[in-house]
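Under this note's numbering, the residues of the sequence shown are numbered 2 to 403, in order. Here the structure is laid out as C-alpha cells; the discussion comes afterwards.
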Amino acid sequence: MSQSTAVSPVLKEACRSYRSGRYSDALVLLDSLVQPGTRDPYPLLLLALANLQLDRFGQADEVLKKISAIDPHYPPYHRLRAFLFLKAASNFENALGYYVELMGKYPGDTVLARALRRLRKADDFEKFQKSARLDEFVPVPAPPRRFFPTQVFRKKSAPGAGRRPVRRLAGGRRTGGKVLLVFFALLTAALLAAGLYMAGGPLRGLLENVGQPVGADEIDRITLDGSGFELIEKISRARRPEFYYTGTALGDDFHAAKKLLKKKKYNEALLVINKILHSNANMTVKERAAFLKRFVVNIEEREWDPVPFRAVMEKPHLYEGVSLRWSGRVANLRRKQGAATFNLLVEYRSENVFAGIADVFCEPDPGPLKNGDTVEVKAVFAGRVAGGNLYLNGREIETRNP
Numbered sequence: 002m003s004q005s006t007a008v009s010p011v012l013k014e015a016c017r018s019y020r021s022g023r024y025s026d027a028l029v030l031l032d033s034l035v036q037p038g039t040r041d042p043y044p045l046l047l048l049a050l051a052n053l054q055l056d057r058f059g060q061a062d063e064v065l066k067k068i069s070a071i072d073p074h075y076p077p078y079h080r081l082r083a084f085l086f087l088k089a090a091s092n093f094e095n096a097l098g099y100y101v102e103l104m105g106k107y108p109g110d111t112v113l114a115r116a117l118r119r120l121r122k123a124d125d126f127e128k129f130q131k132s133a134r135l136d137e138f139v140p141v142p143a144p145p146r147r148f149f150p151t152q153v154f155r156k157k158s159a160p161g162a163g164r165r166p167v168r169r170l171a172g173g174r175r176t177g178g179k180v181l182l183v184f185f186a187l188l189t190a191a192l193l194a195a196g197l198y199m200a201g202g203p204l205r206g207l208l209e210n211v212g213q214p215v216g217a218d219e220i221d222r223i224t225l226d227g228s229g230f231e232l233i234e235k236i237s238r239a240r241r242p243e244f245y246y247t248g249t250a251l252g253d254d255f256h257a258a259k260k261l262l263k264k265k266k267y268n269e270a271l272l273v274i275n276k277i278l279h280s281n282a283n284m285t286v287k288e289r290a291a292f293l294k295r296f297v298v299n300i301e302e303r304e305w306d307p308v309p310f311r312a313v314m315e316k317p318h319l320y321e322g323v324s325l326r327w328s329g330r331v332a333n334l335r336r337k338q339g340a341a342t343f344n345l346l347v348e349y350r351s352e353n354v355f356a357g358i359a360d361v362f363c364e365p366d367p368g369p370l371k372n373g374d375t376v377e378v379k380a381v382f383a384g385r386v387a388g389g390n391l392y393l394n395g396r397e398i399e400t401r402n403p
C-alpha cells in the first residue's frame, strides 16, 4: 500500500484502542497526533469520545469547539451534539425537537434518522434517556485513508536551504511528491479564484450579494463561460439520480433556469437547478447553479404551489427549497421553547385514507393548534428523512376545521 493512501498506523491503533474500551490508551495515542495545526476532524472526534468515556467533560467540550471551527457539518460531530443534548434534555419534547431540527439540516443522515425513530418509540423517556449509550448513537467510522496531522515548514538556516514544505506522517515519515503536487494544484486554484475576485470577475458580485433579492443583472452575470470544455463528467464513481449525456443538454437546462428566474417562476427554476446539482455536471457548473439556488431560497415573497405529494415522494431531490402548499390533518403535535413540530397527514380524507405523512417544523410556534385540526400548510420543502417522511419548514399554518 502506497504512502499516499495508507492509513496512519498511530491513528489506526488509536481507533482500535477506543473500540476495545482502552480509552486511556487511545488518549495517549491521540495526543501524539492532535497538534495545534490539525485540520482533520477525525482524530479530534476520537479524542472527544475518549474524554467523554472517561468522564472528562471539560476536555471533551474544548475538543468539540475545535471540530466546530474546522468542520461544523462533519456528520459524527452533529450526531454527538444530538446525543449530548438528549442526555441533558429536560423532557421528551425538547429532545425530539432537537433531533427533528437536525434532521431538517441533514435529511440524508441515516444514523440520525435511526436515533430519531428510537426516540419516537420510547414509552418511558427518562428510562430511555438513562439507558442511551454513546457508542449506539455515535458509531465510530473507520479511520480516513489519508491523514496529515498538520503541515510544517523548515526554518531557513542557510541561503537556498530549508524552503521546501514538508508534511510529516505519524512516525515522522515524509510524504511523496504526489502530495506536494496536489498541494500546489490546490494552491494554484485558490490563487486563481482570488485573482478573479480581485479583478472584478463575474463571480465577485455574486459572492458579495448572496442572500439579496435576485435581479436580471445578477442572473445574467452567472454564465458557463470559462467552466471548461467538458460540462459533464461522463464517467463518475458516484451514482447520480440525474444524468446528462451531452454538455449541450446541460447548457440548455442552465439557460432555461435563468429565464425562469427572470420571470420570477422560482419553483419551476428550482426543479431545473436541483436537477443540475444532483447530476453528473462538473463542479464548476454546480457552483454556478448553487449561486442561483442561494438567491432563490432567500427570497421571502414566494409562490406557494399545490405540488402533488406523489411527485415529491418520487424525486425529493428535485424539490429541495421549493415552496409548496399542502392540506391535511395535524397529528403528534409537540411544542418546545417557542417552536412546534407535528405530522401532517397530507390530503386527509378519513381514518387511514391520506396521501402520506410529512414532518413539519414551525418556528415560531403557529399559535392555537391541536391534534386533529384540519389545516393548510405553506412551507419550504427541506428534504426527505433517510428512509422516512418528507420534512417541511412551515411558514404559515391556517386552520380550516369544518
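In this text, a Cβ means the ideal position worked out from N, Cα and C, and glycines have one as well. Computed from a predicted structure; not experimentally measured.
- With a threshold of 16 other beta carbon atoms within 10 Å, T342 meets it and is buried.
- In the DSSP assignment, T285 falls within the unbroken alpha helix (DSSP H) covering M284 to V298.
- Residue ranges of uninterrupted beta strand (DSSP E) with 3 or more members, entirely inside the region 317 to 346 and ordered along the chain, are 324 to 337.
- The beta carbons of A51 and Y24 sit closer together than 7 Å.
- Here the region 348 to 361 makes contact with the region 324 to 331; the two share three or more CB pairs at distances below 8 Å.
- For N52, the enclosing alpha helix (DSSP H) starts and ends at P42 to Q54.
- If the five residues before and after I71 are omitted, its C-beta is found closer than 7 Å to the C-beta atoms of R40 and P42, all from its own chain and listed in chain order.
- Just measuring C-alpha positions, the residue of P317, F129, P367 and D110 sitting nearest P242 is P317.
- In this structure, the beta-carbon distance from L271 to V297 falls below 7 Å.
- The continuous stretches of beta strand (DSSP E) do not include L34, which lies in the alpha helix (DSSP H) extending over residues Y24 to L34.
- In summary, V354 is exposed, with fewer than 16 beta-carbon neighbours lying within 10 Å of its beta-carbon over all protein chains present.
- Annotation for I398: C363, P367, L370, V376 and V378 place their beta carbon closer than 7 Å to its own, counting only its chain and skipping 5 residues before and after.
- Here G395 is bridged, per DSSP, to C363 and A380.
- Apart from the 5 residues on each side of it in sequence, L262 sits with its Cβ closer than 8 Å to the Cβ of V215, I220, A270, L293, F296 and V297 in its chain, given in chain order.
- Beyond the five residues adjoining it in sequence on each side, S69 comes within less than 8 Å, by CB distance, of Y78 in the same chain, given in chain order.
- CA-CA distance, A116 to G109, rounds to 13 Å.
- Within 10 angstroms of the beta-carbon of K131 lie fewer than 16 other beta-carbons, which makes it exposed.
- Between L87 and A96, the CB-CB gap stays under 7 Å.
- Under the three-state reduction of DSSP, G59 is assigned to helix.
- Straight-line measurement puts the Cα of R385 at about 24 Å from the Cα of V141.
- When secondary structure is reduced to three states using DSSP, T224 falls in the coil class, being assigned neither helix nor strand.
- For D254, the secondary structure class from DSSP, reduced to helix, strand or coil, is helix.
- Looking at the DSSP output, G357 bridges to V347.
- DSSP places D72 in the coil class of the three-state scheme, outside both helix and strand.
- For the pair R82 and V139, the CB atoms are not nearer than the 7 Å cut-off.
- D360 counts as buried, since at least 16 other C-beta atoms from the protein chains shown sit within 10 angstroms of its C-beta.
- When secondary structure is reduced to three states using DSSP, D136 falls in the helix class.
- Within 10 angstroms of the beta-carbon of D254 lie 16 or more other beta-carbons, which makes it buried.
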